[in-house]
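Worksheet for the structure shown next.
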C-alpha cells in the first residue's frame, strides 16, 4: 500500500486504529470452539464488526505458528478476508542475515501479500534491506517497545554519545528506507519518549502497541506522536478481541472499536489534520 493511500484511509475513517489479531483459542467464546476452524470464525466475526473503524489489522504470527500447518492456513484465510483497502501487518518480528531475510520477505510480501512486516534491527542494515526491496511494502522496525524488558537494552545510555540505544537505532536506520516504506514500533507505555522520537523521525509512521489492556494513554500518544499526516497506527488487541466473552462478543468488540475511533477522530482533528468534515 502506498503512503498516500494509508493517509487517505485515516482521513476517511477518522481513525488510526489497528486491530491486533492475537487470537488465542483459549480465550475465544466457548460456542465457537466446535467450529471446523474456530480461530478463523472468530477473526472473521471481529473483522466484520470492526472494519468500519480500523485502518489496519495486525495478526501476531505466534498465535498461528503454534498450530503448525493448520495455523498457517488460518492466517491465509484471515488475510484474504480482510478488506483490500485496509492495511495489513505481519507481526513476525523477524531479523536474520541477508539471505534468510530475503526468504522471510518473500514469505510475507509475495506468498501472503501483507503490506508490512515487523522486523528486529539488531543484526544491522544487511538484515533489513531485503525487506525494503518490494514496491509499496513496508518494514516496521522495533525501536522502543512497551514491555518492561525494554530497559534491559533499548534504553541504555551509550557512553560515547550520551544518547539512548533506541535513539541510535532510529538515527542509524533512518537512511535505510524512507517515509514511504519504513515505520517504527514505539510502545504506548513509552509516551514520555515520543517527543524525542519525533525529533529524530518527524515524518515516519509509528506503530503504537500497548493502548488498552497494557495501559497506554491514548491522548498522550496522540498529542506527542501525531504529525501532519496522522503518522500513527495505534494497536489494540485484547481490549477489542475479548471485550465480550459470550454470544455478544461481536457487538462488544464493535463498541470498543467505535469508542477508540471516536476518541481518535477528535485527536486527529486537534493534532494532525484540522477539521475533517462529516
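Residue numbers (my numbering): 1 to 278. Ideal Cβ placement from N, Cα and C applies to all residues, glycine included. It should be emphasised that the depicted structure is a prediction, and the values quoted were computed from it without experimental measurement.
For residue i, collect the residues of the same chain with a Cβ closer than 8 angstroms to its Cβ; drop the 5 residues on either side in sequence, then sort them by chain order.
{"i": "residue 24", "result": "63"}
{"i": "residue 33", "result": "25"}
{"i": "residue 132", "result": "139, 176, 177, 181 and 182"}
{"i": "residue 55", "result": "6, 9, 10, 13, 15, 16, 17, 18, 86, 87 and 233"}
Could you work out which residue in the options is closest to residue i when comparing CA atoms only?
{"i": "residue 176", "options": "138, 188, 199 and 151", "result": "138"}
{"i": "residue 276", "options": "14, 56, 2 and 7", "result": "14"}
{"i": "residue 77", "options": "37, 189 and 236", "result": "37"}
{"i": "residue 49", "options": "135, 244, 267 and 273", "result": "244"}
{"i": "residue 109", "options": "73, 179 and 130", "result": "130"}
{"i": "residue 16", "options": "142, 218, 121 and 116", "result": "218"}
{"i": "residue 231", "options": "181, 121 and 101", "result": "181"}
{"i": "residue 261", "options": "67, 211, 29 and 179", "result": "211"}
{"i": "residue 1", "options": "86, 227 and 30", "result": "86"}
{"i": "residue 72", "options": "55, 90 and 84", "result": "90"}
{"i": "residue 179", "options": "136, 147, 53 and 155", "result": "136"}
{"i": "residue 174", "options": "160, 220 and 199", "result": "199"}
Give the C-beta separation of residue i and residue j to the nearest angstrom, bearing in mind that I take them to be a contact with Cβ-Cβ under 8 angstroms.
{"i": "residue 149", "j": "residue 123", "result": "The Cβ separation is near 19 angstroms, so there is no contact."}
{"i": "residue 58", "j": "residue 81", "result": "Residue 58 to residue 81, Cβ: 15 angstroms. No contact."}
{"i": "residue 234", "j": "residue 258", "result": "That pair is no contact at about 14 angstroms."}
{"i": "residue 88", "j": "residue 75", "result": "With a Cβ gap of about 11 angstroms, residue 88 and residue 75 do not count as contacting."}
{"i": "residue 241", "j": "residue 253", "result": "7 angstroms"}
{"i": "residue 144", "j": "residue 190", "result": "5 angstroms"}
{"i": "residue 256", "j": "residue 237", "result": "Rounded, the Cβ-Cβ distance is 11 angstroms, inconsistent with contact."}
Would residue i and residue j be called neighbours here (beta carbons separated by less than 8 angstroms)?
{"i": "residue 165", "j": "residue 186", "result": "no"}
{"i": "residue 20", "j": "residue 60", "result": "yes"}
{"i": "residue 229", "j": "residue 28", "result": "no"}
Return the bridge partner residues of residue i from the DSSP annotation.
{"i": "residue 184", "result": "141 and 206"}
{"i": "residue 64", "result": "Residue 64 pairs with nothing; no bridge assigned."}
{"i": "residue 175", "result": "Answer by DSSP bridge pairing: none, since residue 175 is not bridged."}
{"i": "residue 57", "result": "19 and 88"}
{"i": "residue 230", "result": "227"}
Skipping 5 residues on each side, what residues in its chain have a beta carbon closer than 6 angstroms to that of residue i?
{"i": "residue 142", "result": "120 and 185"}
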